[in-house]
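Residue numbers for the sequence shown follow UniProt numbering, beginning at 1 and rising by one.
For every residue, glycine included, the Cβ atom is placed at its ideal position computed from N, Cα and C.
These numbers come from a predicted model, not from an experiment.
These notes are about the structure you will find just below.
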Amino acid sequence: MLTEEPEFIVKYLNDLSSRSVRYGITHTPQVFQHKKLLKRQPPKKSSISQVEKPAVDESAPSSQSTTNAAQSTIKVTVKTLKPASQFEIFNLQPTDTIATLKDRISQQRSIPIKQQRLLVKGKVLNDTKPLAEYAISNDTVVHLMVKASPASPAKTADIPSPVESSVGAHGVSKEAESTLQTPELWKNLHNVLKESLGEQDAKVVISRFLQSEGWTGVTYDQIQ
Numbered sequence: 001m002l003t004e005e006p007e008f009i010v011k012y013l014n015d016l017s018s019r020s021v022r023y024g025i026t027h028t029p030q031v032f033q034h035k036k037l038l039k040r041q042p043p044k045k046s047s048i049s050q051v052e053k054p055a056v057d058e059s060a061p062s063s064q065s066t067t068n069a070a071q072s073t074i075k076v077t078v079k080t081l082k083p084a085s086q087f088e089i090f091n092l093q094p095t096d097t098i099a100t101l102k103d104r105i106s107q108q109r110s111i112p113i114k115q116q117r118l119l120v121k122g123k124v125l126n127d128t129k130p131l132a133e134y135a136i137s138n139d140t141v142v143h144l145m146v147k148a149s150p151a152s153p154a155k156t157a158d159i160p161s162p163v164e165s166s167v168g169a170h171g172v173s174k175e176a177e178s179t180l181q182t183p184e185l186w187k188n189l190h191n192v193l194k195e196s197l198g199e200q201d202a203k204v205v206i207s208r209f210l211q212s213e214g215w216t217g218v219t220y221d222q223i224q
């Protein structure tokens with residue numbers, strides 16, 4: 001029996017040396033103790049101090065509520081045919097009426113509300129109905145027809161009172177006719193023509209004009 005015990009010990013040690021050693025998280029060999037040798041120890045308190053959460057103002061709107069509010073607004077695309085154009089109206093609510101949409105169009109494009117006619121898929125929109133009733137969303141295109149402005153009442157033309165005719169025999173006023181009878185006027189005209197045409201041509205023009213128009217009261221000799 002005594003001779004077998006050393007052999008057993010040697011064999012047992014050889015078996016242990018051939019096995020791999022596993023380390024725990026602490027990189028130290030694990031030591032297994034008998035259950036009876038284990039003593040119950042109170043749990044260690046964490047050394048990490050508890051971080052206080054910042055106070056939240058419940059009255060302030062959260063980012064989520066702000067995002068939801070932005071998503072609930074509608075951007076309407078408005079198209080016109082004559083003249084062909086396209087523009088957008090932002091920040092509309094589904095509960096806004098068609099009259100509100102027309103008012104926004106009037107502010108942006110200076111088109112009177114009474115001249116606006118809005119259609120969606122060929123259907124005329126009622127001013128008192130909300131946008132949600134026509135399923136108007138960001139993808140909806142609203143067509144705008146601009147009606148012609150009402151014609152203003154024609155004003156009665158002022159009828160001039162009859163005036164005594166003051167036209168002379170040569171188609172000019174009597175005052176101008178009397179002035180044309182004076183040699184001084186024709187002398188001035190002769191001087192102007194003489195500078196441009198020369199003495200001889202100016203004489204021909206003035207003489208023929210006086211003869212054709214029948215200005216008997218003035219002769220070319222009086223002009224010189």
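Within 8 Å, strictly: CB atoms of residue i and residue j
{"i": "Lys126", "j": "Ile74", "result": "Lys is not the amino acid found at residue 126; the sequence shown has Asn there. Result no, Cβ atoms of Asn126 and Ile74 do not sit closer than 8 Å."}
{"i": "Val124", "j": "Leu101", "result": "no"}
{"i": "residue 231", "j": "His190", "result": "The requested residue 231 is not part of the displayed model; the chain covers only 1 to 224."}
Nearest to residue i (by Cα), restricted to the options the options
{"i": "Val141", "options": "Thr80, Val192, Pro94 and Glu175", "result": "Thr80"}
{"i": "Pro183", "options": "Asp201, Ser196, Lys194 and Ile206", "result": "Ile206"}
{"i": "Gly122", "options": "Glu133, Met145 and Lys129", "result": "Met145"}
{"i": "Lys114", "options": "Arg208, Pro94, Thr77 and Ala148", "result": "Ala148"}
{"i": "Thr95", "options": "Leu131, Ser196, Leu210 and Leu185", "result": "Leu131"}
{"i": "Leu143", "options": "Gln86, Glu133 and Ala99", "result": "Before going on, a small fix: residue 143 reads as His here, not Leu. Residue Gln86 is the option with its Cα nearest to His143."}
{"i": "Asn111", "options": "Trp186, Val78 and Glu177", "result": "It should be noted that the sequence gives Ile, not Asn, for residue 111. Selected option, being the one with the closest Cα: Val78."}
Inter-residue Cα distance where the pair is residue i and residue j
{"i": "Ala84", "j": "Val192", "result": "59 Å"}
{"i": "Arg104", "j": "Gln116", "result": "11 Å"}
{"i": "Thr97", "j": "Asn91", "result": "13 Å"}
{"i": "Lys194", "j": "Gln200", "result": "8 Å"}
{"i": "Gln107", "j": "Val120", "result": "21 Å"}
{"i": "Lys82", "j": "Ile89", "result": "19 Å"}
{"i": "Ser196", "j": "Leu210", "result": "19 Å"}
{"i": "Thr179", "j": "Leu185", "result": "7 Å"}
{"i": "Gly198", "j": "Lys174", "result": "32 Å"}
{"i": "Glu5", "j": "Lys11", "result": "10 Å"}
{"i": "Glu133", "j": "Ala99", "result": "13 Å"}
{"i": "Thr128", "j": "Gln93", "result": "14 Å"}
{"i": "residue 265", "j": "Arg109", "result": "Look at the range of the chain in this structure, 1 to 224, and you will see that residue 265 is not part of it."}
{"i": "Leu16", "j": "Glu7", "result": "14 Å"}
{"i": "Arg208", "j": "Asn188", "result": "17 Å"}
Coarse secondary structure for residue i, derived from DSSP in three states
{"i": "residue 225", "result": "The shown model of the chain, from 1 to 224, leaves out residue 225, and the question about it has no answer."}
{"i": "Asn14", "result": "helix"}
{"i": "Gln116", "result": "strand"}
{"i": "Ser173", "result": "strand"}
{"i": "Pro150", "result": "coil"}
{"i": "Ile9", "result": "helix"}
{"i": "Leu81", "result": "coil"}
{"i": "Gln200", "result": "helix"}
{"i": "Pro183", "result": "helix"}
{"i": "Leu144", "result": "strand"}
Residue burial classification, residue i (beta-carbon count within 10 angstroms, cutoff 16)
{"i": "Leu13", "result": "exposed"}
{"i": "Ile9", "result": "exposed"}
{"i": "Ala135", "result": "exposed"}
{"i": "Leu118", "result": "buried"}
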